[in-house]
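Heads up, the thing below is written out as structure tokens.
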């Protein structure tokens, strides 16, 4: 909170600091130091001293406001012109001109020529008039004129140079920050590409190799099986391994690709139409699986059906790992506005000979997949020792309209 407040104060100071200084300089052009300015206005306009002083104060305030409004006006001369005309003063024009020239000049020589010219415009008429004896002009006024030149010509120029240097520093820092951000993003992308390539290489060298060996051994067992049950089990292992190899190659191809343009063309993803084949594979592995459908089936988006298929697949995989041949029920409920999938198994009839290893990320990945589709995912144990996995997917509006 304090840091944010300090940042806002710094921003306000940066925004209004230069404008405030310029306003003070502009207003100073109308502040009478020795009273002669008010006397001049009084004599020329034929008004009382109070009215002349009031006009001077009004002109000073108007000049300051005009300077503050300059950045918001497309025609700054229109804003300052009436103020300069009121008292016929050149100081305001010189002050604003010095600041603008110093802030926008591309070469120091241009600013130097402007400063010399502006100083000459003020000093030469006074010195020349005093030399030739014009009434009202004396050499004793030269120090006052020189002080006014410093105050209204060179001080605004210094402020303009400071503002220009500050703007250039800020632009340089912003460009440097943007360049560093681009370089950091490029390094992060390169690191991601290298890590994906390493993972793909490890998967190809280790996982794909061992799954290939499993498929080969299963094929040999299928050919040389002495009974039908062994041959059927070997065939199931072989076909499942081949499917796993195909999906593994797709994953490796995606990991090796560096972008969407050069990525491999993925094969068709399984949907609810392939659910019976998945259940048959589990039945062939010894799990008694029953399917229950409720409601009226309808066409759903492919992404939603693929996610639903993965929910059933992962739930059955967990049954294989932790419950062996426990009876399992797979239920699909088609509601008007959503699709509900439930996979529930009873307690394991016996302890598996060797528990299959698991990463513990299967259910986590399912939850993320379901929630990405605005669904609700639950996974919890049953009182009888079994386990239930359920997911509820909202049906998009186009699917509801198509059904209607």
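Residue numbers (the numbering used here): 9 to 412. Positions of the beta carbon are idealized from the N, C-alpha and C atoms, including for glycine.
With distance defined between alpha-carbon atoms, name the residue in the options nearest to residue i.
i           : options               : result
residue 370 : 62, 387 and 209       : 387
residue 112 : 168, 376 and 157      : 168
residue 312 : 259, 376 and 381      : 381
residue 261 : 249, 206 and 248      : 206
residue 376 : 315, 331, 330 and 389 : 315
residue 126 : 177, 105, 319 and 295 : 105
residue 331 : 201, 342, 293 and 306 : 293
residue 247 : 317, 288 and 281      : 288
I'd like to check one pair, residue j with residue i: are the Cβ atoms closer than 8 Å?
i           : j           : result
residue 352 : residue 394 : yes
residue 357 : residue 333 : yes
residue 256 : residue 215 : yes
residue 130 : residue 157 : yes
residue 295 : residue 354 : no
residue 319 : residue 378 : yes
By Cβ distance below 8 Å, which residues in the same chain neighbour residue i in space, the five residues on each side in sequence not counted?
i           : result
residue 252 : 219
residue 83  : With a pLDDT of only 47 at residue 83, under the threshold of 50, the placement of this residue in the model should not be trusted; the figure read from the coordinates follows. Excluding sequence neighbours, residue 83 sits near nothing in its chain.
residue 310 : 277 and 279
residue 93  : Residue placement at residue 93 is poorly supported in this model, since its pLDDT is 46, which falls under 50; the coordinates still yield a value, given next. Closer than 8 Å at Cβ, skipping near neighbours: no residue.
Please work out which residues of its chain come closer than 6 Å, Cβ to Cβ, to residue i, disregarding the five sequence neighbours upstream and downstream, and give them in chain order.
i           : result
residue 400 : 346, 348, 383 and 384
residue 86  : Caution is warranted here: a pLDDT of 49 is assigned to residue 86, below 50, making its placement in the model unreliable, and the coordinate value is therefore given only provisionally. There are no such residues.
residue 290 : 297 and 324
residue 398 : 350 and 386
residue 110 : 119, 165, 168 and 169
By the three-class DSSP mapping on this structure, what secondary structure does residue i have?
i           : result
residue 233 : coil
residue 305 : coil
residue 151 : helix
residue 284 : helix
residue 58  : helix
residue 294 : coil
Residue i bridges to which residues according to DSSP?
i           : result
residue 387 : 397
residue 326 : For residue 326, which the question treats as bridged, DSSP gives no partner whatsoever.
residue 347 : 342 and 401
residue 334 : Beta-bridge pairing links residue 334 to no other residue.
residue 299 : 338
residue 352 : 337 and 396
Indicate, with yes or no, if the ligand HEM has a heavy atom lying under 7 Å from the CB of residue i.
i           : result
residue 297 : With respect to the ligand HEM, the structure shown offers nothing to examine, as it has no ligands at all.
Ordered along the chain, which non-local residues of its own chain (more than five positions away) have a Cβ less than 7 Å from that of residue i?
i           : result
residue 242 : 226, 229, 230 and 233
residue 239 : 230 and 233
residue 404 : 309
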